[in-house]
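Numbered according to the working numbering, the sequence shown terminates at residue 240, and the numbering increases by one at each position without gaps.
Notes for the one structure printed next.
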Amino acid sequence: MDHFNIAARTNDKRAVIAVHMYPTQAAMLDAANDFHGTPETPLGTTCLAVVQAFVGFNQPQAIIRLCYQHVGKHILVHELTHAAQIAYRWTAGDIDAKASEHFTHHNEDFAHLVSDLYIALHRELDKRYTIT
């Protein structure tokens, strides 16, 4: 397993996200299930990547777990959306109850929306321009 950190600033705070890259999907799922600590509700075998939250160094942290088999733009943007939600909620401070209910790293609909829009935008830009 390879691992590294990525970071960005938001709301005058530095958000650090750990990224763990596994050689196989099975190894990634094993690590995620071991970390999750609930063997009675393991992650399904259909998970292609996972973001998990925890509290460390007195602030919420995120781990993005990826596997070489399923690294693509769509998955990267989707998982970054989940990780960004963890970081943003920590840096934003008090979020009203209604927003808090939906703005969590468990919101699959939001992550799919962001990643689907990214892919659609990238596809259209690729047709028209040379981008890097």
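For each residue, glycine too, the CB sits at the ideal point set by N, CA and C.
Quantities reported herein were computed from a predicted structural model and do not represent experimental measurements.
Neighbourhood of residue i by C-beta, 7 Å cutoff - its chain only, sequence neighbours within 5 removed
{"i": "C155", "result": "L137"}
For residue j and residue i, the rounded distance between their alpha carbons
{"i": "N113", "j": "R173", "result": "12 Å"}
{"i": "Y176", "j": "H186", "result": "16 Å"}
{"i": "H214", "j": "Q160", "result": "9 Å"}
{"i": "Q169", "j": "A228", "result": "30 Å"}
{"i": "R231", "j": "A219", "result": "18 Å"}
{"i": "V127", "j": "Y237", "result": "31 Å"}
{"i": "A191", "j": "I171", "result": "8 Å"}
{"i": "E216", "j": "D234", "result": "27 Å"}
{"i": "R117", "j": "T199", "result": "9 Å"}
Residues near residue i by beta carbon distance below 6 Å, same chain, minus five either side
{"i": "A195", "result": "A123"}
{"i": "P150", "result": "N141"}
Helix, strand or coil at residue i according to DSSP, with G and I counted as helix
{"i": "V185", "result": "helix"}
{"i": "M129", "result": "strand"}
{"i": "N113", "result": "strand"}
{"i": "V179", "result": "coil"}
{"i": "A170", "result": "strand"}
{"i": "T118", "result": "strand"}
{"i": "D191", "result": "Rather than Asp, the amino acid found at residue 191 in this sequence is Ala. Three-state result, A191: helix."}
Contact with chain D by residue i, beta-carbon distance below 7 Å
{"i": "S223", "result": "Considering every chain present, this structure includes no chain D. It has just one protein chain."}
Worksheet entry | the stretch 218 to 238 contacting the stretch 178 to 193, beta-carbon criterion three pairs below 8 Å | yes
Worksheet item: Within the chosen definition, does the stretch 138 to 145 reach the stretch 116 to 127 through at least 3 CB pairs nearer than 8 Å?
Response: Contact between the stretch 138 to 145 and the stretch 116 to 127 is absent, because fewer than three Cβ pairs lie under 8 Å.
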